[in-house]
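Below you'll find the structure, written out as structure tokens, and then a few comments.
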Amino acid sequence: MQLFKNLFSKPLSTQLTVTSSNGFHLRPVARFTTLAKSFTCDVTASFNGKSVDTKKVNTLLSLSLEKQDSFTLTTQGKDAQKALTALQTLFETLMQDDVAVATLQKESTNYTGETLDGDIIAKGVAIARTTAYKTETIQHKNSLTFKEAIDQTLKKLENTYESQKESNNADIYLAQKELLSALGEKCNSLDILESLVKEESTKLQGTKLSAKITDYQDILQQVKMALGLEVKVLFPTYDFILLANDLLPSEISLLSNTRIQGVVLKETSINSHTAILLRASGIPSLIADTSKIPSDKEILLDAFAGLVVLAPSSNDIQKVQILQKETKVQKAYVDSKRFEPATTISGKHIKVFANVGDVESAKVAKDEGAEGIGLLRSEFLFQAQKPTLKAQTKTYTEIFNIFEDITVRTLDVGGDKALPYLHIPPEDNPFLGIRGVRLFRTHPKILEEQLHAIFLASQGKQIKIMFPMVSTVEEFTEAKSFAQNIAQKNNINISRIQFGIMIEVPSILFQLEAFNEVVDFYSIGTNDLTQYLFAVERTHPLLKVDELSPVIFSILEKILKESTKPVSICGELTSEPKAIGKLLSLGLEKLSMSAKHIAEIKEIIRHT
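With the working numbering, the residue at position 105 of the sequence shown is 517, and numbering never jumps.
Shown next, in the form of structure tokens:
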């Protein structure tokens, strides 16, 4: 019956453009197909005359979508509209979040021994004997059928994904799970699975997605393991540098229980899942021609300079030993001081806060040394479905219990951000349309529930509420009155709640005197402010703005000189080491950033 409903219902479609430099690759594709499978409707993607089922990872990957490619997403069936909206929202988020891994700059240095150039995967230095990658196959007793082995491997990958959700690596395991799920539907024996993996790997050879071949090999090996066929990697019992053509992503976790000092791989890429996990492990690693590196011989690996010293002299070794010690000491030192205040040389305390999007990221921020939350992106709290008042209150309460000083931004939807349960009609230029504070006019009920939940969760705490995309004084006063009426209607005391705005629309710059009379605080959102100042969409695939432009610092100086209320800054500029000195010289005393940058930025502040 559902088949007939899908056949005779009207198809809906939209054009999506890949803006990530990485293309539409395995990790985002896996998240996309996972969401697509949750809807009762057909979902297809069409590109260059080819149409595929988007509920399967391997078929969507077969489109080989790269940066600037536009494809048509079509939904048809019961959930067609809901699916189209949700998938478009997710796709835009994936493109925004999928930052290309920058090629790490090599430091200039000289060695007396013969050297071999390489590309840096993870920085660091190591001196040790080399060992070539070796394995042995062990057959264990097996009681599982092929289908049971597939199910067990899928469950294992799902459990790993769930346990790693707080890290940036979680999507690797979701991607592998979706790959195996798609392949598992096509085969009923290990032989057929091996043939399919070989077929898919052959298709990827020589393409931009060739690094994903190791993922196919990895899931095959994990299924074999479930069937009792273990491929065991052999490691020496002494300090060593591993040489290999490539490593499977699942093999990286094995390295933590060895005496590994470094890794040199021949055939991976800096964007591969293997490389991502090596960076996360902190093991000094390079991509270089391992055939030119002798096995079982002491070498020097300098992953700061991108060099392998094949025959290091005593001076070379001494030089690296000093660098090795300094690097370890510096990292440990910076990490150990992450909970200490960031005080400048002149004795001024600079508050270092975190930008967070949910309960888990708030916990991570606390552990990274954040002193508070400078930006709670409330639109990321409930992305799948509209939350109840009870669910919102519970979530806000959890976050408010982690920190004392918290700034909550009301829903900032529109532009490049959307929610499946908050419908905004298509606009010719959504960045200049319904978004931010303008939602108070178009979706007052949703904003009323959000503010009600925040008030209930605050429980007398001094919470700051910040309205985004404000362009006039009237917009702010209307939003604040709206909030006060909600509190009065529900008999909630909000005397300790402060109200402020994000400075991101240029018109604010000419109304600061008037705003000083009505706001409690300001927070500068440099991402959108830069976008509107230079008329360059921040997600544009070609046009970029220099975030260290003198124009930006002139604007910041104007704001700080003319404002009479507290000013903080929460854009990406706060995590740029080169900007810290300039920001502090202007008089900024509160910076909010991604949690992973807190320890580093605090230490920079202490030397400024």
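Glycine included, every Cβ here is placed at the ideal spot set by N, Cα and C.
- Around the beta carbon of residue 942, 16 or more other beta carbons lie within 10 angstroms, which makes this residue buried.
- Straight-line measurement puts the Cα of residue 639 at about 49 Å from the Cα of residue 988.
- Secondary-structure assignment with DSSP links residue 934 through a beta bridge to 913 and 979.
- Restricted to the region 738 to 811, the alpha helix (DSSP H) segments that are unbroken, complete and at least 4 residues in length are 771 to 779, listed in chain order.
- The alpha-carbon of residue 459 is positioned some 7 Å away from that of residue 482.
- With a cut-off of 8 Å on Cβ pairs, the region 749 to 761 is not in contact with the region 556 to 570, counting fewer than three such pairs.
- The Cβ atoms of residue 822 and residue 888 do not sit closer than 8 Å to each other.
- Residue environment for residue 614: exposed (fewer than 16 other C-beta atoms within 10 angstroms of its C-beta).
- In terms of Cβ geometry, residue 534 and residue 718 do not form a close pair [threshold 8 Å].
- For residue 686, no beta strand (DSSP E) run applies; the uninterrupted alpha helix (DSSP H) run containing it begins and ends at 685 to 693, by DSSP.
- Less than 8 Å divides the Cβ of residue 683 from the Cβ of residue 623.
- Contact between the region 927 to 947 and the region 972 to 986 is present, with at least three C-beta pairs closer than 8 Å.
- Of all alpha-carbon atoms in 644, 713 and 518, the one lying nearest the alpha-carbon of residue 546 is that of 644.
- Looking at the DSSP output, residue 421 sits in no beta bridge, so it has no partner there.
- Shown here for residue 936: same chain residues with a beta carbon closer than 8 Å to its own, the five before and five after excluded, namely 914, 915, 916, 968, 971, 979, 980, 981, 982 and 983 in chain order.
- The continuous beta strand (DSSP E) containing residue 488 extends over residues 482 to 488.
- Leaving aside the five residues that flank residue 452 on each side, the residues in its chain whose CB is nearer than 8 Å to its CB run, in chain order, 414, 489, 490 and 491.
- For residue 717, the secondary structure class from DSSP, reduced to helix, strand or coil, is coil.
- A residue is called buried once 16 or more other Cβ atoms fall within 10 Å of its Cβ, and residue 542 is buried on that count.
- Residue 521 and residue 707 have their alpha carbons spaced roughly 25 Å apart.
- If the five residues before and after residue 599 are omitted, its C-beta is found closer than 7 Å to the C-beta atoms of 605 and 608, all from its own chain and listed in chain order.
- Between residue 540 and residue 651, the beta carbon gap of about 4 Å places them in contact (Cβ cut-off 8 Å).
- Nearest Cα to residue 710 within the set 868, 728, 699 and 698: 728.
- Across the structure, residue 1008 and residue 554 are spaced so that their CA atoms are roughly 44 Å apart.
- Classified as buried, residue 786 has 16 or more neighbouring CB atoms from the shown chains inside 10 Å of its CB.
- Between residue 813 and residue 1004, the C-beta gap is not smaller than 8 Å, which leaves the two residues out of contact.
- As for any beta strand (DSSP E) of minimum length 3 sitting wholly inside the region 628 to 700, the runs are 641 to 646, 652 to 656, 672 to 677 and 697 to 699, ordered along the chain.
- A direct Cα-to-Cα measurement between residue 977 and residue 760 gives close to 19 Å.
- For residue 847, there is no enclosing beta strand (DSSP E), since its DSSP letter is neither H nor E.
- Distance check between residue 589 and each of 797, 630 and 699 places 630 closest, using alpha-carbon atoms only.
- Per the DSSP secondary-structure output, residue 1005 pairs in a beta bridge with 766.
- In the DSSP assignment, residue 517 falls outside any beta strand (DSSP E) and carries neither an H nor an E.
- If you check the CB distance, residue 853 and residue 881 do not come in under 8 Å.
- Around the beta carbon of residue 925, fewer than 16 other beta carbons sit within 10 angstroms, so the residue counts as exposed.
- The criterion of a C-beta distance shorter than 8 Å is satisfied by residue 715 and residue 537.
- In summary, residue 724 is buried, with 16 or more beta-carbon neighbours lying within 10 Å of its beta-carbon over all protein chains present.
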